[in-house]
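In UniProt numbering, the protein residues as written are 1 to 352.
Report on the structure given below.
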């Protein structure tokens, strides 16, 4: 028996590697199962934007209506934004569109207006929580509603920034001049845009025991061939001929190595999974998707972090870490916000 280390710190949200088997079908779309070398970044690629979001619960609440009926709620906030990069290094990176929003997520049929926390010291600014209704009575409902609002804002920002990327076989081949790297899987509503989702942890095994050895053998920048799967596929109900059920989200995916694994780490340390939307035609891979896959290793190796600066290296990209810090600054100090909330509620009671 050999013991190997998961490189991510134990206080992170999850491990870097778990590999639960994917229950559905995964299809080859790019030929022989072999390592594919990275290619240089094309001159046509002029902008790369790294998009991410940061949610935060600030207080769990119970609301009481005039009939003394209770419902669950919560004060929360999120920030979204991007880092705007020149892939050829001809200008400095800069933040783009980083904004924070505060929400009063609530259940029930209450008609609420925005809740405004006015500070005693004008220099600390006002906190305005816009109402956001969610269904159900789960105590975690407010947190889920804020998370969904953040993901919707991320999706809207990514779609607005990315170049068009037609997924129809009749459309001419075109390489995007603006590529968006989105932390996490691609999402509904981003089809037809040059959005590349990067999944930092390997929680799902899409390959199986016979193909996983290629991940161990990948050199820095190399990738696997492109594969195809259907979101939510359980291996049942596939159409005749191996196609996917109509109406489900189709995805392309491949794996890239960003850094060599240390001898004491598990052999998949330094490997990242990438994801893009796929057309419904199972036999067609747009040329632009192949181009993005070819350059992905070169680009991500440049953006990958290093262990002495980031515990989630190399998958937590350097621009992502910088963006997380900026979003945290926009959200404000969590402890001070909690004090403001308590003071606000105490003031309401004093005025009652």
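All C-beta atoms, glycine included, are put in the ideal place defined by N, C-alpha and C.
Considering only the alpha carbon of each residue, which of the options lies closest to residue i?
{"i": "residue 145", "options": "336, 60 and 312", "result": "60"}
{"i": "residue 272", "options": "303, 82, 173 and 280", "result": "303"}
{"i": "residue 109", "options": "131, 89 and 96", "result": "131"}
{"i": "residue 195", "options": "49, 28, 36 and 325", "result": "49"}
{"i": "residue 41", "options": "168, 308, 221 and 320", "result": "221"}
{"i": "residue 101", "options": "113, 86, 80 and 85", "result": "80"}
{"i": "residue 88", "options": "78, 270, 43 and 258", "result": "43"}
{"i": "residue 326", "options": "150, 4 and 83", "result": "83"}
{"i": "residue 305", "options": "263, 14, 258 and 5", "result": "258"}
{"i": "residue 57", "options": "206, 78 and 208", "result": "78"}
{"i": "residue 47", "options": "212, 133, 107 and 95", "result": "95"}
{"i": "residue 254", "options": "136, 151 and 212", "result": "212"}
How many Å lie between residue i and residue j at the Cα?
{"i": "residue 314", "j": "residue 64", "result": "48 Å"}
{"i": "residue 174", "j": "residue 284", "result": "15 Å"}
{"i": "residue 252", "j": "residue 183", "result": "16 Å"}
{"i": "residue 340", "j": "residue 45", "result": "46 Å"}
{"i": "residue 187", "j": "residue 322", "result": "23 Å"}
{"i": "residue 298", "j": "residue 2", "result": "32 Å"}
{"i": "residue 228", "j": "residue 204", "result": "14 Å"}
{"i": "residue 338", "j": "residue 117", "result": "11 Å"}
{"i": "residue 217", "j": "residue 294", "result": "18 Å"}
{"i": "residue 34", "j": "residue 256", "result": "12 Å"}
{"i": "residue 76", "j": "residue 55", "result": "8 Å"}
{"i": "residue 324", "j": "residue 249", "result": "29 Å"}
{"i": "residue 276", "j": "residue 289", "result": "8 Å"}
{"i": "residue 90", "j": "residue 51", "result": "21 Å"}
{"i": "residue 274", "j": "residue 292", "result": "10 Å"}
{"i": "residue 189", "j": "residue 155", "result": "7 Å"}
{"i": "residue 21", "j": "residue 142", "result": "31 Å"}
{"i": "residue 85", "j": "residue 261", "result": "27 Å"}
{"i": "residue 329", "j": "residue 98", "result": "10 Å"}
{"i": "residue 335", "j": "residue 230", "result": "42 Å"}
{"i": "residue 332", "j": "residue 115", "result": "18 Å"}
{"i": "residue 319", "j": "residue 286", "result": "28 Å"}
{"i": "residue 176", "j": "residue 344", "result": "49 Å"}
{"i": "residue 92", "j": "residue 316", "result": "20 Å"}
{"i": "residue 199", "j": "residue 263", "result": "23 Å"}
{"i": "residue 67", "j": "residue 128", "result": "26 Å"}
{"i": "residue 27", "j": "residue 71", "result": "47 Å"}
{"i": "residue 133", "j": "residue 62", "result": "14 Å"}
{"i": "residue 342", "j": "residue 151", "result": "28 Å"}
{"i": "residue 19", "j": "residue 125", "result": "46 Å"}
{"i": "residue 4", "j": "residue 300", "result": "25 Å"}
{"i": "residue 296", "j": "residue 207", "result": "20 Å"}
{"i": "residue 8", "j": "residue 14", "result": "8 Å"}
{"i": "residue 281", "j": "residue 69", "result": "52 Å"}
{"i": "residue 270", "j": "residue 185", "result": "18 Å"}
{"i": "residue 39", "j": "residue 29", "result": "19 Å"}
{"i": "residue 169", "j": "residue 219", "result": "33 Å"}
{"i": "residue 147", "j": "residue 137", "result": "17 Å"}
Spell out whether any CB of chain B is found under 8 Å from the CB atom of residue i.
{"i": "residue 303", "result": "You won't find chain B in this structure, because it holds only one protein chain."}
Am I right that residue i and residue j are in contact with their C-beta atoms under 8 Å? What's the rounded C-beta distance?
{"i": "residue 158", "j": "residue 139", "result": "Contact doesn't hold; Cβ gap of about 31 Å is too wide."}
{"i": "residue 163", "j": "residue 178", "result": "4 Å"}
{"i": "residue 17", "j": "residue 214", "result": "Going by Cβ atoms, the distance from residue 17 to residue 214 rounds to 16 Å, so no, they are not a contact pair."}
{"i": "residue 149", "j": "residue 112", "result": "That pair is no contact at about 16 Å."}
Tell me whether the beta-carbon of residue i lies closer than 8 Å to the beta-carbon of residue j.
{"i": "residue 31", "j": "residue 225", "result": "yes"}
{"i": "residue 192", "j": "residue 166", "result": "yes"}
{"i": "residue 153", "j": "residue 53", "result": "yes"}
{"i": "residue 73", "j": "residue 105", "result": "yes"}
{"i": "residue 233", "j": "residue 24", "result": "yes"}
{"i": "residue 12", "j": "residue 347", "result": "no"}
{"i": "residue 6", "j": "residue 308", "result": "no"}
Exercise. At 3 residues or longer, and completely inside the segment 39 to 75: list those beta strand (DSSP E) runs for me, N to C.
Key: 47 to 64
Quiz item: Which runs of the beta strand (DSSP E) spanning at least 3 residues fall entirely within the segment 206 to 230, listed in chain order?
Solution: 227 to 230
Self-check item: alpha helix (DSSP H) segments (min. 4 residues) lying fully within the segment 152 to 207
Solution: none
Quiz item: Fully enclosed by the segment 261 to 298, which alpha helix (DSSP H) runs are 4 residues long or longer?
Solution: none
Quiz prompt | Residue ranges of each beta strand (DSSP E) within the segment 103 to 155, 3 or longer | solution = 115 to 117 and 127 to 133
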